[in-house]
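Here is the structure we will look at.
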Amino acid sequence: MAARAGYAAGAQPAVFKVMPKPPSTKEAAARLLNYIGKREDEKGEKHDIEIFDEDGQVLSTGGARKAFLETFCETFEPPLENTNFLEVRFELAGQVTDAALSEALKKAFGSKPFIYAQDGQTVRVYAHTEERSGPLAKVLAGGRENSRSKALDKIEARLSEAMGGAGVVAKAELTAAVSREPKAKYFLQKFIRTHSQVRHANGEPVPGVKNSSKAAASVYEQWRPQFSARERRNAYHLLFSAKAGTDANAVMTAARAVLEERAPGYRFVLAHHKDTKHVHIHAMVQARSADGERLKFYKPDLVAWRETFAEKARENGIAMVATRRMDHAMTRPFTKEHAGAYRRAQSDPRYQVSARTIERVEAKRQGRLDGQSLVVNGDAIAAAWQKTVTTMRTAGVIGQALTAAESIGNNFLKFHRDRTG
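Here the sequence shown is numbered in the numbering used here, starting from 675 and rising by one per residue.
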């Protein structure tokens, strides 16, 4: 309520963003550090700008930035190995040659390694997958009839369709899913032990199946180089933004104070990009501290960071409040990728961009209200503003701030009624 009252009185909303594509490797962190610490001049030439570390020291030379990067990346963790596997049963609709079956399975499972065994019209497959097997295993364990998840149905439909596209009519059923290496190895050994004539993806028999333990270990190690690793989030790219004309030094001080309070013990750098219309403070911060604590940005965390930013901004003389997007029925913000695609489409008619992307960029830039929010939540938004007005009156607030709050609430109520009829 205080935030709405402050906004009505003219305070600017706090804008804090966790930028997409966070760096997960030292090379990616180096690229982000270079982006934060270099800007183009009027001639389009890039030059170093002031970039500060968590101690307030200016990293003014290439050597200083390189030394910072070395210590910054000490907490980086290696990529996680993808150990997700599925066991699938196919019921064939007719006779299929060995070669045709092998080719159809390769089309269904793509480049992922797998083994299979055929018994009449039934084909069983044990395959590596990009699917997250943990949730699938829970659905299977609890009984798919007791789950609202459609993940199993979608996977089975996709596999059946792929087989059909290769000329083999078959119905797929996912029978098992494992996501940890010990279980993956155990299920692989069990598959080799319980099925006869187990074959590799190319149709060649798996050797040494009489000793299923050794055969499974050999197959797994053959597959290991093909396990695509899932990169960890090792750092974050953060943006603190304020309206054009706001004291940039005050915003920088506020941003530093936020990082010191919300991310103590995490190394970071930050810099002011002066070539943007609004005041933009970019920061790169470790995702894991030297003590092993991971920085999290779930929805409640984002709210807390934005509130802290508004608080620190006020402490530095900036009228700023942390409002919610729903308080103003604001449209969703667009990303740098959306803006780039939109800009390219405007200059190059050959470049196609979706109508949704165009709408998202233009709606935000034009300050349009979110029609769906007004239909669904218009009454609640208007009621919140009316409550704010009542509280302001009780507190003795008069003048433009009260008038603005009343106007906002009345406008939302009118928009909602117009939208819903």
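Quick reminder that beta carbons are idealized off the backbone N, C-alpha and C, glycines included. Since we're looking at a predicted model, the values are computed, not measured.
Asked: For R936, collect the residues of the same chain with a Cβ closer than 8 Å to its Cβ; drop the 5 residues on either side in sequence, then sort them by chain order.; Found: A978, W979, T982
Asked: Given this structure, state the Cα-to-Cα distance separating K824 from M693, to the nearest angstrom.; Found: 31 Å
Asked: Let's see if you can read the secondary structure: which residues bound the alpha helix (DSSP H) around Y860?; Found: 855-868
Asked: Counting C-beta neighbours from all protein chains within 10 Å, is the total for A767 16 or more, i.e. buried, or is it exposed?; Found: exposed
Asked: Any idea what DSSP makes of T1031, helix, strand or coil?; Found: helix
Asked: Ignoring anything shorter than 3 residues, give me the beta strand (DSSP E) runs that lie fully in the segment 869-941, in order along the chain.; Found: 909-916
Asked: Between H911 and A773, what straight-line distance do the alpha-carbon atoms span, to the nearest angstrom?; Found: 50 Å
Asked: What residue range does the beta strand (DSSP E) around S989 cover?; Found: Residue identity differs from the one stated: residue 989 is Glu in this sequence, not Ser. That residue, E989, is in no beta strand (DSSP E); its alpha helix (DSSP H) goes 973-989.
Asked: What are the boundary residues of the alpha helix (DSSP H) that A774 is part of?; Found: 772-783
Asked: Name the residue from V959, A858, K859 whose alpha carbon lies nearest to the alpha carbon of L743.; Found: V959
Asked: Within a Cβ cutoff of 7 Å, which residues of the same chain sit near A909, ignoring the five residues on either side of it in sequence?; Found: P696, P697, A703, M958, V959, Q960, A961
Asked: Let me know if V732 comes out buried or exposed under the rule of 16 or more other beta-carbons within 10 Å of its beta-carbon.; Found: exposed
Asked: Might you give, ordered along the chain, the residues of its own chain that have their beta carbon closer than 7 Å to the beta carbon of R907, omitting 5 neighbours on each side?; Found: P696, S698, A961
Asked: Which residues bound the beta strand (DSSP E) around F750?; Found: Segment: none, F750 is in no beta strand (DSSP E) and carries neither H nor E.
Asked: Taking just the CA atoms, how far does R1034 sit from V1027?; Found: 12 Å
Asked: Rounded to a whole number of angstroms, what is the C-alpha to C-alpha distance between L848 and R713?; Found: 52 Å
Asked: Which whole-angstrom value is the C-beta distance of A945 and I723, which I expect to be below 8 Å?; Found: 6 Å
Asked: For the candidate residues E985, C747, Q769, whose alpha-carbon lies nearest to that of R705?; Found: C747
Asked: I need the DSSP call for H1012, collapsed to helix, strand or coil.; Found: helix
Asked: Out of R806, R941, K948, H1012, point me to the one whose CA is closest to M926's CA.; Found: K948
Asked: Suppose the cutoff is 6 Å on Cβ atoms and the five residues either side in sequence are ignored; what does the same chain contact list for A931 look like?; Found: K986
Asked: Buried or exposed for P687, please, with buried defined as at least 16 other CB atoms from any protein chain shown within 10 angstroms of its CB.; Found: buried
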